[in-house]
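A.B. asks: First the structure, then my questions, so here it is.
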């Protein structure tokens, strides 16, 4: 007795034998349903336009949130590098004072400011160098000037007084 039954996209045709010791039933597949099954599988492999748009929207939201935070982090890291360069410049000013008994005459060449400014988004300078006192500063240049407008120019004196030219808090900017 022949029976046909449908499972998924395959049409099975079996010869059913009631004998308990007979070999397994023969299975014949209809080629039409095999083609349908293949075509159905192909359509499930690709993404739909809606799925692609949803994925792009999620990525756009993540970028919109992450990019400003990354820019702030980068500006803060560059400010920390400028603070470290100012502290090194302060140390060089102290060395100059110990050699000459005055801060006066300490200029960019004598202090090696060019070596400290390598790949720095700040310009280092000696603002005031008198007999007993000095003031040095790091002014932001290029993109750093707009990214870090809250702190602006960092200033350091011989008494370790730390100031900023922006509207930000000096303690917060000098961390």
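Numbering (the working numbering), first residue to last: 1 to 175. The beta carbon of each residue, even a glycine, is placed where N, CA and C say it ideally should be. Treat the numbers as computed from the prediction; the structure is a model and nothing was measured.
What separation, rounded to the nearest whole angstrom, lies between the Cα atoms of residue 161 and residue 136?
C.D. replies: Going by the C-alpha atoms only, they are around 11 Å apart.
A.B. asks: From 157, 139 and 158, pick the residue whose C-alpha is nearest to that of residue 149; which is it?
C.D. replies: 139
A.B. asks: Near residue 164, which residues of its chain fall below 8 Å by C-beta distance, leaving aside the five closest residues on each side in sequence?
C.D. replies: 151, 152, 153, 154, 155, 170, 173 and 174
A.B. asks: By Cβ distance, which residues of its chain are closer than 7 Å to residue 189, with the 5 residues on each side in sequence left out?
C.D. replies: The structure shown has nothing for residue 189, since the chain only spans 1 to 175.
A.B. asks: Closer than 6 Å by C-beta to residue 157: which residues in its own chain qualify, once you throw out the five before and the five after it? Chain order, please.
C.D. replies: 135
A.B. asks: Could you work out which residue in 50, 129 and 46 is closest to residue 90 when comparing CA atoms only?
C.D. replies: 129
A.B. asks: Is the stretch 47 to 65 in contact with the stretch 97 to 110, if contact means three or more CB pairs nearer than 8 Å?
C.D. replies: no
A.B. asks: Who pairs with residue 135 in a beta bridge, going by DSSP?
C.D. replies: 128 and 157
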